[in-house]
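Presented below is the structure to which this report refers.
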Amino acid sequence: MLVLGNKHQSDFNIHAITGDKVHATTRATPELITDAPKNYDLILCLDPVLYARHLYNINLPCVAVCKVDELYKHRDIPDAFDYFIPLGPHTKENLLDLINSANRN
């Protein structure tokens, strides 16, 4: 699983949720995103406003974690992502379910 973003999500910490499952932190380059179908099974994006145009037409399931008003303000987000997890009080439980189901496969 490739996790993109987290710089602007001050109320959300992916490392606290996934524990040791997220191994490396690196800069998201265009090469990393275009090579993602070779190296990853899923893209989890925590900053869809920034990455939406880069993830358009990527041949991987893309999950966006964002607030509902971001979907309303930025109309290109729904076109770039396959699944959405609303950022709110139940986000931690939803992400844990997603990560656990991905690890079972």
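Heads up: the sequence shown begins at -7 in the working numbering, then just goes up one per residue.
We put the CB at the ideal spot given by N, CA and C, even for glycine.
Taking DSSP as the reference, what is the three-state secondary structure of residue i?
i	result
Pro53	coil
Thr26	helix
Ala20	coil
His66	coil
Tyr43	helix
So, under 8 Å CB-CB, residue i and residue j are touching, yes? Tell me the CB distance rounded to an integer number of Å.
i	j	result
His46	Pro70	His46 to Pro70, Cβ: 15 Å. No contact.
Tyr32	Val55	Their Cβ separation, rounded to whole angstroms, is 12 Å, which puts Tyr32 and Val55 out of contact at 8 Å.
Gly(-3)	Tyr43	6 Å
Leu(-6)	Ile35	5 Å
Cys37	Val57	7 Å
Report the partner residues of residue i according to the DSSP bridge assignment.
i	result
Val(-5)	Leu36
Pro78	Cys58
Output yes or no for whether 8 Å exceeds the beta carbon distance between residue i and residue j.
i	j	result
Pro29	Leu63	no
Ile77	Leu88	no
Is there at least one non-hydrogen atom of the ligand ATP closer than 7 Å to the beta-carbon of residue i?
i	result
Cys54	Inclusion of the ligand ATP in the displayed structure is not the case, the ligand content being empty and no account of it being possible.
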